[in-house]
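Residue numbers (full-length UniProt numbering): 1 to 205.
Just so it is clear, CB atoms sit at the ideal spot from N, CA and C, and this is done for glycine as well.
Computed from a predicted structure; not experimentally measured.
Written out below as structure tokens is the structure these notes cover.
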């Protein structure tokens, strides 16, 4: 049975769900059981779950100049983990209840980088940390004109202070290689663009 049994959503039993904290994000504690690959039901487990909105990340790309637009901002999660908690990242934002991912991508490109994104190329949708978080990320490459990109953006009411960088794709890929860029969405998007650059430039040029 180990090789043939394929568990699915009906093989999870939520025994109890307790809300431990609710603010901008939420933390729940779950008591649950799930079926094992043997086919038997496993023992009861306790798991804490970080409940948050899904997110959108977009890599603005100028196919004519072969440049990407990246942003730099302070990240509290990086404090004490790396030498400098100001990270180089993609434009990103959270999805509100009635928004589509494409709407968020275009809105955040304006708010965080002062850019109009003409077209969006879906890259993938993925869980960044499914062992303890509900977040799912929608990842895009967006066609832009990087000629006049630059400056500092962000919403004052959200405490944002975001600096815009325009880099050649090769420089950005080198930053992935040397660890300057060390967050998942940026690494995935840049590596995807490196693999698909000719197709993207052909379609968008």
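| Item | Value |
| --- | --- |
| Close Cβ partners of residue 134 (< 6 Å) along its chain, the five nearest in sequence each way excluded | 51 |
| Coil, strand or helix - residue 62 by DSSP | strand |
| Alpha-carbon to alpha-carbon, residue 27 and residue 20 | 6 Å |
| Minimum C-alpha distance to residue 48 - residue among 14, 90, 112 and 132 | 132 |
| Proximity of residue 33 and residue 13 at Cβ, strictly below 8 Å | yes |
| Stretch-stretch touch, CB-based, cutoff 8 Å, three pairs: the region 175-182 with the region 95-107 | no |
| Local Cβ density within 10 Å of residue 153, reported as buried at 16 or more and exposed below that | buried |
| Integer Cβ distance of residue 186 from residue 88, believed to fall under 8 Å | 7 Å |
| Contacts around residue 53, its chain only, beta-carbon distance under 6 Å, and the 5 residues preceding and following it disregarded | 94 and 95 |
| With 16 other Cβ atoms within 10 Å as the buried cut-off, status of residue 199 | exposed |
| Residue 20 (DSSP reduced to helix, strand or coil) | strand |
| CB contact flag (residue 108, residue 58, <8 Å) | yes |
| C-beta contact flag for residue 173 and residue 195 at 8 Å | no |
| For residue 79, three-class secondary structure by DSSP | coil |
| Rounded straight-line distance, which links the Cα of residue 18 to that of residue 31 | 9 Å |
| Cβ-heavy atom distance, residue 87 to the ligand ZN, below 7 Å | Absent from the structure shown: the ligand ZN. Ligands present: none. |
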